[in-house]
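Visitor:
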Amino acid sequence: MNAARKSNPIVGQGTSLHQWQHSRHLAALDSVDVLSLVPPGTRAVIIAPHPDDEVLGCGGLLQLLAAAGRPLELISVTDGSASHPGSERWPVERLSVVRPQESAEALRRLGVPLHRMKWLRGGFTDTQVAAQEPALVEFIERHLRPGDVVFSTWCEDGHCDHEAVGRASIEAARRVGVTCHELPVWTWHWADPEDASVPWQRARKILLSPEQVARKRHAVHAFASQLEGDPQAGLPPVLAPYVVERLLQPFEVVFL
658 MNAARKSNPI VGQGTSLHQW QHSRHLAALD SVDVLSLVPP GTRAVIIAPH
708 PDDEVLGCGG LLQLLAAAGR PLELISVTDG SASHPGSERW PVERLSVVRP
758 QESAEALRRL GVPLHRMKWL RGGFTDTQVA AQEPALVEFI ERHLRPGDVV
808 FSTWCEDGHC DHEAVGRASI EAARRVGVTC HELPVWTWHW ADPEDASVPW
858 QRARKILLSP EQVARKRHAV HAFASQLEGD PQAGLPPVLA PYVVERLLQP
908 FEVVFL
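Going by our numbering, the letters in the sequence shown line up with residues 658 to 913, in that order.
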C-alpha cells in the first residue's frame, strides 16, 4: 500500500464509474465460475467486517451459491455501530440493532435462505478490529472446518477493518488448511483503474446477469442507515449514489 493511500484512502467521491468502465485491466480480466471455486461438498464462508460488506463485496456470488444449494456460513465481525460518529439520529445503540437487521433483509432480497445459513456475529469493535486481530484469527479458526472456501475483504482494501479482517481470514484459513479468496470493496473508491498496487494478476470476474445485478441493487437498498447521512452531525451517507453504482457492475471481482 502506498503512503498516500495509507494516510487517507477514502476521501471525496473517488474514482468514477466511467473510469472503471474504461479500465483496460478490468476489460482484460478472465472470468471464473463460482461453482468451480466452491465445488460440491464444500462450504462457502463469507467474512464481513461490517453488516453490508457481504452484499457490497459479493452479493452476486451469494446469489449464485444459494441458487446452487451450496452450504453457507456468514461471519459478521462487527455490528457496524461506528458508521455515524457523533450522530444523534444514528447513535451506537441504534446502529448495533439496526445494521444486523438490515443485513438480514438484504440477504432475504438476494434469495439467500437464512434458515439454512449459519450466521455468526463476532462482536468485535467497529473501527478497532486491528487492535483485536489475534483474537479474531482465533475466532475465525474455531468456526472453520476442513474443505471450507473462505471469502473475505482484501487485506489492502483501504479501510482499517477490511484490511484487518482480510489478514485475519488469511491466517485462520492457513491454520486450518483451507483456501481464502479476497474481495475488493473500498478499492473501487481509492484505486486508479491501472493502479499497479492492485493485484490484477490474481483478479478474476464473477459474471452477473441483469437480474442478479437488480437483486443486488435491491439488497443494497435494505441498508437504510448507510444510505442516509446525518446533516446535523455533518455526516454524508456512507453509501452515496456514486459509491453504490461502482459496486453494481455486471460482475464482481475476486482475488484468487
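Idealized CB from N, CA, C, for every residue including glycine.
Give every residue of the same chain whose Cβ lies closer than 8 Å to the Cβ of Val842, excluding the five residues on either side of it in the sequence, and list them in chain order.
Guide: For the purposes of this step, residue 842 is taken as the residue at position 185 of the sequence shown. Counting only Cβ-Cβ distances below 8 Å, and skipping sequence neighbours, we find Asp710, Leu713, Gly714, Thr810, Trp811, Asp814, His816, His819, Leu904.
Visitor: Val691 to Ala788, Cα distance in whole Å?
Guide: Stepping through the sequence shown from its first residue, residue 691 is reached at position 34. Stepping through the sequence shown from its first residue, residue 788 is reached at position 131. Approximately 33 Å, taken between the alpha carbons.
Visitor: Quick one: is Leu771 buried, meaning 16 or more other Cβ sit within 10 Å of its Cβ, or exposed?
Guide: Numbered from 1 along the sequence shown, position 114 holds the residue referred to as residue 771. Result: exposed.
Visitor: Determine which residues share a DSSP beta bridge with Arg861 and list them.
Guide: Translated into the one-based positions of the sequence shown, residue 861 becomes position 204. Answer by DSSP bridge pairing, in chain order: Val911.
Visitor: Please name the residue in Pro856, Glu759, Ala876, Val901 whose C-alpha comes closest to that of Val910.
Guide: Residue mapping note: residue 910 aligns to position 253 of the sequence shown, counting from 1. Answer by Cα proximity: Pro856.
Visitor: For Ala879 and Glu750, which I take to be in contact (beta-carbon distance under 8 Å), what is that distance rounded to the nearest angstrom?
Guide: Here residue 879 corresponds to residue number 222 of the sequence shown, with the count starting at 1. Here residue 750 corresponds to residue number 93 of the sequence shown, with the count starting at 1. In fact, because the Cβ distance is near 20 Å, the residues do not count as touching under 8 Å.
Visitor: Counting C-beta neighbours from all protein chains within 10 Å, is the total for Lys873 16 or more, i.e. buried, or is it exposed?
Guide: Working through the sequence shown from its first residue, we reach residue 873 at position 216. By the 10 Å Cβ count, Lys873 comes out buried.
Visitor: Using only alpha-carbon positions, find the residue among Leu718, His682, Gln676 that is nearest to Ala853.
Guide: The residue you call residue 853 lines up with position 196 of the sequence shown. Taking only the C-alpha atoms, the option nearest Ala853 is His682.
Visitor: Where do the N-terminal and C-terminal ends of the beta strand (DSSP E) with Cys837 fall, by residue?
Guide: As a position in the sequence shown, residue 837 is number 180, starting the count at 1. Residues 836-840.
Visitor: Around the C-beta of Gly834, are 16 or more other C-beta atoms found within 10 angstroms, so that it is buried, or is it exposed?
Guide: Numbered from 1 along the sequence shown, position 177 holds the residue referred to as residue 834. Exposed is the call here.
Visitor: Would you identify the three-state DSSP class for Ala705, choosing helix, strand or coil?
Guide: Counted from its first residue, the sequence shown places residue 705 at position 48. Ala705 falls in the strand class under three-state DSSP.
Visitor: Counting C-beta neighbours from all protein chains within 10 Å, is the total for Pro867 16 or more, i.e. buried, or is it exposed?
Guide: As a working mapping, residue 867 is identified with position 210 in the sequence shown. It counts as exposed.
Visitor: Bridge partners for Trp776 per DSSP, in chain order?
Guide: Stepping through the sequence shown from its first residue, residue 776 is reached at position 119. Answer is Leu731.
Visitor: Starting from Thr810 and walking both ways along the beta strand (DSSP E), at which residues does that stretch end?
Guide: As a first step, residue 810 is located in the sequence shown; it is residue number 153 there, counting from the start. That run of the beta strand (DSSP E) goes 806-810.
Visitor: Beta-carbon separation of Ser740 and Gly779 under 8 Å?
Guide: Residue numbering aside, residue 740 sits at position 83 when the sequence shown is read from its first letter. Residue numbering aside, residue 779 sits at position 122 when the sequence shown is read from its first letter. Contact: no.
Visitor: Measuring CA to CA, which of Ile797, Val668, Arg832 is closest to Ala821?
Guide: Here residue 821 refers to the residue found at position 164 of the sequence shown. Minimum Cα distance to Ala821 is reached at Ile797.
Visitor: Using a 10 Å radius around the Cβ and a threshold of 16 neighbouring Cβ atoms, would you call Val754 buried or exposed?
Guide: As a position in the sequence shown, residue 754 is number 97, starting the count at 1. Result: exposed.
Visitor: Does Phe781 come out as helix, strand or coil in the three-state DSSP assignment?
Guide: As a first step, residue 781 must be located in the sequence shown, where it is residue number 124. In this structure, Phe781 counts as strand in the three-state DSSP scheme.
Visitor: Between which two residues does the alpha helix (DSSP H) carrying Ser693 extend?
Guide: Walking along the sequence shown from the start, residue 693 turns up at place 36. Unbroken alpha helix (DSSP H) run through Ser693: 691-694.
Visitor: Around the C-beta of Ser768, are 16 or more other C-beta atoms found within 10 angstroms, so that it is buried, or is it exposed?
Guide: Along the sequence shown, one-based indexing puts residue 768 at 111. The sequence given here places Gly at residue 768; Ser does not occur at that position. The residue in question, Gly768, is exposed, as its Cβ has fewer than 16 Cβ neighbours within 10 Å.
Visitor: Got a sec? Which residues, its chain only, sit under 6 Å from Arg859 by beta carbon, not counting five neighbours each side?
Guide: Position 202 of the sequence shown, counted from the first residue, corresponds to residue 859. Phe912, Leu913.
Visitor: Output needed for Glu828: all residues of its chain with C-beta closer than 7 Å, excluding positions within five of it in sequence on either side, in chain order.
Guide: By 1-based counting over the sequence shown, the position of residue 828 is 171. Only Val794 meet the Cβ criterion.
Visitor: Would you call Val668 buried or exposed, if buried means 16 or more other Cβ atoms sit within 10 Å of its Cβ?
Guide: Taking the sequence shown and counting its residues from 1, one reaches residue 668 at position 11. Exposed is the call here.
Visitor: Identify the residues that DSSP records as bridge partners of Ser688: which are they?
Guide: Numbered from 1 along the sequence shown, position 31 holds the residue referred to as residue 688. Note: Ser688 sits in a beta bridge opposite Lys862.
Visitor: What's the call for Arg799, buried or exposed, on a 16-neighbour Cβ count within 10 Å?
Guide: Looking up residue 799 in the sequence shown gives position 142. Under this definition Arg799 is an exposed residue.
Visitor: Am I right that Ser744 and Leu892 are in contact with their C-beta atoms under 8 Å? What's the rounded C-beta distance?
Guide: Working through the sequence shown from its first residue, we reach residue 744 at position 87. Working through the sequence shown from its first residue, we reach residue 892 at position 235. Right, their Cβ atoms sit about 6 Å apart.
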